[in-house]
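Accompanying notes for the structure given below.
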């Protein structure tokens, strides 16, 4: 085994020193750089705040839009309800009109039936009157015939009486 030396060679020593210097330089910032970094951080914070504000505004706008949409939907629903109510009212009115028409038709039919019945009754009365008149005429004729017969009989009787008288005188 080879023995390792506890001491650094000049080249290694230079190399290590250089690395240390580089590390120290990289870690130690100047005041200007620190200020720049602070400014950048502040700018970033401001930008973040602006973004947050913008997001809030957008959210508010979205909420407003949603509210408007909801209101529009409600209005549409109300309009639909009103239209439905109007349609129902129209249907009811139509039904009422139809019922009224039916009632009128029924009334007309009843009136026609009544008129027909009245006409029939009048016809029957007329027929009865005619029959009665015919009967009366027949009775009158019979009476006249009877009277004529009686007259004839009376005439015959008178003639016979005359004949008898005439015969008795001789």
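In full-length UniProt numbering, the protein residues as written are 1 to 170.
Virtual Cβ for every residue (Gly too), placed ideally from N, Cα, C.
This one's a predicted model, so the numbers in the text were calculated from it and none came from an experiment.
Judged by DSSP in its simplified three-state form, residue 168 adopts helix. Each residue's CA atom was taken as its position, placing residue 135 and residue 114 some 31 Å apart. Secondary structure at residue 9: coil, using DSSP grouped into helix, strand and coil. If only complete runs of 3 or more residues are kept, the region 58-138 shows no beta strand (DSSP E) anywhere.
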